[in-house]
Amino acid sequence: MILFTFLLTCGLIAVHILSKRLDFLRFSPRHVFLSFSSGVAVSYVFVHLLPELNEYQKELEDTVQSNFWMVMEDHIYIVAMIGLAIFYGLEVMVRKKEELDEKEGGDQESLQRFQIHMASFFFYNAVIGYLMVRGEYEGVTGTLLFFVAMSVHFITNDWSLRESHKEEYDRFGRWLLAVAIFVGWSVGAFIEIKDVVVSLLTAFLAGGIILNVMKDELPEEQKSNLPAFLIGILSYTLLLVFLH
0 MILFTFLLTC GLIAVHILSK RLDFLRFSPR HVFLSFSSGV AVSYVFVHLL PELNEYQKEL
60 EDTVQSNFWM VMEDHIYIVA MIGLAIFYGL EVMVRKKEEL DEKEGGDQES LQRFQIHMAS
120 FFFYNAVIGY LMVRGEYEGV TGTLLFFVAM SVHFITNDWS LRESHKEEYD RFGRWLLAVA
180 IFVGWSVGAF IEIKDVVVSL LTAFLAGGII LNVMKDELPE EQKSNLPAFL IGILSYTLLL
240 VFLH
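With numbering that gives the first Met the number 0, letter number 181 in the sequence shown gets 180, and the count goes up by one each step, no holes.
Next comes the structure, spelled out in structure tokens:
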């Protein structure tokens, strides 16, 4: 199974390295494939990851016995909310620095925007790489479904980051994020972390995916393709239902 997840991890790395060659994504308005990919990611979160958090919730209740956790009900979902809130906060910081950059025309704000995005997505990708090998996605089929969902999600993320950072992302960013996936997989392959940590990482990832998809799909200026988004949700939901 380690070899299988390594090959899939190489596939995710290839997505980051080669996605710049998908010239059709540069067409304006926003290409239908990007909206379709966002639909796939949303479907994976709501149909697979969130229901899986129910199982992780039980594990967390059995593992954590502190008074703080005992007071809070359904705290695994709070972790998902925290993941969403953290990525939202980082995105707000990036947007504010982008506004300052446009007003002042300096390079410092642009560099800081790039650094914030790369730091947050490095951790994000490392978590995905770790869960590729330690996520316990019900064997080959479950792991493949995770791979497909994350592949199309990475294409959407790449498009968004490339739009924000232009040449900097192609020269440095995509390689850094590709390394992050391998780092996460390597940690998962050689270091076994407690199940409670895996549950927290999965919940955090679910919140991050929801925010990253919504921030690209909701703004009016993106001119998102609603039919493609809905087709992505429907088709991948049917795939998940019939394969599980």
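All C-beta atoms in this analysis are idealised placements derived from N, C-alpha and C, irrespective of residue type, glycine included.
Report task. Check whether the stretch 142 to 156 touches the stretch 87 to 96, taking contact to mean three or more Cβ pairs, one atom from each stretch, closer than 8 Å. Result -> no
Query raised in the report: CA-CA distance, M213 and S159?
Result: As a position in the sequence shown, residue 213 is number 214, starting the count at 1. As a position in the sequence shown, residue 159 is number 160, starting the count at 1. Taking the straight line from one Cα to the other gives about 12 Å.
Query raised in the report: Should V186 and I180 be called a contact, given that it needs their Cβ atoms to be closer than 9 Å?
Result: By 1-based counting over the sequence shown, the position of residue 186 is 187. By 1-based counting over the sequence shown, the position of residue 180 is 181. For V186 and I180, no; Cβs fall outside 9 Å.
Query raised in the report: Would DSSP call M117 helix, strand or coil?
Result: Translated into positions along the sequence shown, residue 117 becomes position 118. Three-state DSSP puts M117 in a helix.
Query raised in the report: For S198 versus L52, is the C-beta distance shorter than 9 Å?
Result: The residue given as residue 198 occupies position 199 in the sequence shown. The residue given as residue 52 occupies position 53 in the sequence shown. Yes, these two residues count as a Cβ contact at 9 Å.
Report task. Indicate the three-state DSSP secondary structure (helix, strand or coil) for N224 in the structure shown. Result -> Taking the sequence shown and counting its residues from 1, the one referred to as residue 224 is at position 225. N224: coil per DSSP, three-state reduction.
Query raised in the report: Where L11 and A177 are concerned, what is the direct C-alpha to C-alpha distance, given to the nearest angstrom?
Result: Within the sequence shown, residue 11 is the residue found at index 12, counting from 1. Within the sequence shown, residue 177 is the residue found at index 178, counting from 1. Each residue's Cα considered, the two are about 8 Å apart.
Query raised in the report: Would T4 be called buried (16 or more neighbouring beta carbons within 10 Å of its own) or exposed?
Result: Numbered from 1 along the sequence shown, position 5 holds the residue referred to as residue 4. Buried.
Query - Spatial neighbours of E72 in its chain, beta-carbon cut-off 6 Å, leaving aside the 5 residues before and after - result: Taking the sequence shown and counting its residues from 1, one reaches residue 72 at position 73. No answer about E72 holds up, because its pLDDT of 48 lies below 50 and its placement is not dependable.
Requested in this report: Could you check if V70 is buried or exposed, using at least 16 other CB atoms within 10 Å of its CB as the buried criterion?
Outcome: Here residue 70 is taken as the residue at index 71 of the sequence shown, counted from 1. No answer about V70 holds up, because its pLDDT of 45 lies below 50 and its placement is not dependable.
Query raised in the report: Roughly how many angstroms separate the alpha carbons of I232 and L83, rounded to a whole number?
Result: By 1-based counting over the sequence shown, the position of residue 232 is 233. By 1-based counting over the sequence shown, the position of residue 83 is 84. Approximately 20 Å, taken between the alpha carbons.
Query raised in the report: If you draw a straight line from the alpha carbon of G206 to that of W184, how long is it in whole angstroms?
Result: The residue you call residue 206 lines up with position 207 of the sequence shown. The residue you call residue 184 lines up with position 185 of the sequence shown. Rounded to the nearest angstrom, the two C-alpha atoms are 20 Å apart.
Requested in this report: Determine the burial state of R170: buried for a count of at least 16 other Cβ atoms within 10 Å of its Cβ, exposed for fewer.
Outcome: Numbered from 1 along the sequence shown, position 171 holds the residue referred to as residue 170. Under this definition R170 is an exposed residue.
**Report entry** Proximal residues to I208 (C-beta, below 7 Å), its chain only, five neighbours per side dropped
**Finding:** Translated into positions along the sequence shown, residue 208 becomes position 209. Contacts found: A40, V44, H152.
Query raised in the report: Is the CB-CB distance between S119 and F86 below 9 Å?
Result: The residue you call residue 119 lines up with position 120 of the sequence shown. The residue you call residue 86 lines up with position 87 of the sequence shown. Cβ atoms of S119 and F86: closer than 9 Å.
**Report entry** Of the residues V240, P226, F203, the one placed nearest I77, counting alpha carbons only
**Finding:** Position 78 of the sequence shown, counted from the start, is the residue given in the question as residue 77. When each option's Cα is compared against that of I77, the closest is F203.
Query raised in the report: The alpha helix (DSSP H) spanning Y43 covers which residue range?
Result: On the sequence shown, residue 43 is found 44 positions in, with the first residue counted as 1. Where Y43 is concerned, the enclosing alpha helix (DSSP H) stretches over 31 to 43.
Requested in this report: Starting from M0, trace the alpha helix (DSSP H) both ways and give me its first and last residue.
Outcome: Your numbering for residue 0 matches position 1 in the sequence shown. Going by DSSP, M0 is part of no alpha helix (DSSP H) at all; its letter is neither H nor E.
Query - Alpha-carbon spacing of Y123 relative to V182, whole angstroms - result: Here residue 123 corresponds to residue number 124 of the sequence shown, with the count starting at 1. Here residue 182 corresponds to residue number 183 of the sequence shown, with the count starting at 1. Approximately 11 Å, taken between the alpha carbons.
Query raised in the report: Can you tell me the Cα-Cα spacing of S223 and S34, whole angstroms?
Result: The sequence position of residue 223 within the sequence shown is 224, counting from 1. The sequence position of residue 34 within the sequence shown is 35, counting from 1. If you take the alpha carbons of S223 and S34, they lie about 6 Å apart.
Query - Pair within 9 Å by beta-carbon distance, V46 and L239 - result: For the purposes of this step, residue 46 is taken as the residue at position 47 of the sequence shown. For the purposes of this step, residue 239 is taken as the residue at position 240 of the sequence shown. L239 is positioned such that its CB atom lies closer than 9 Å to that of V46.
Query raised in the report: Going by beta carbon distance, what residues of the same chain come within less than 6 Å of E167, once the five residues before and after it are set aside?
Result: For the purposes of this step, residue 167 is taken as the residue at position 168 of the sequence shown. Contacts found: F113.
Requested in this report: Return the chain-ordered list of same chain residues with a C-beta closer than 7 Å to the C-beta of L7, the five sequence neighbours on each side being excluded.
Outcome: In the sequence shown, residue 7 corresponds to position 8, counting from 1. Cβ within range, chain order: M131, T142, F146.
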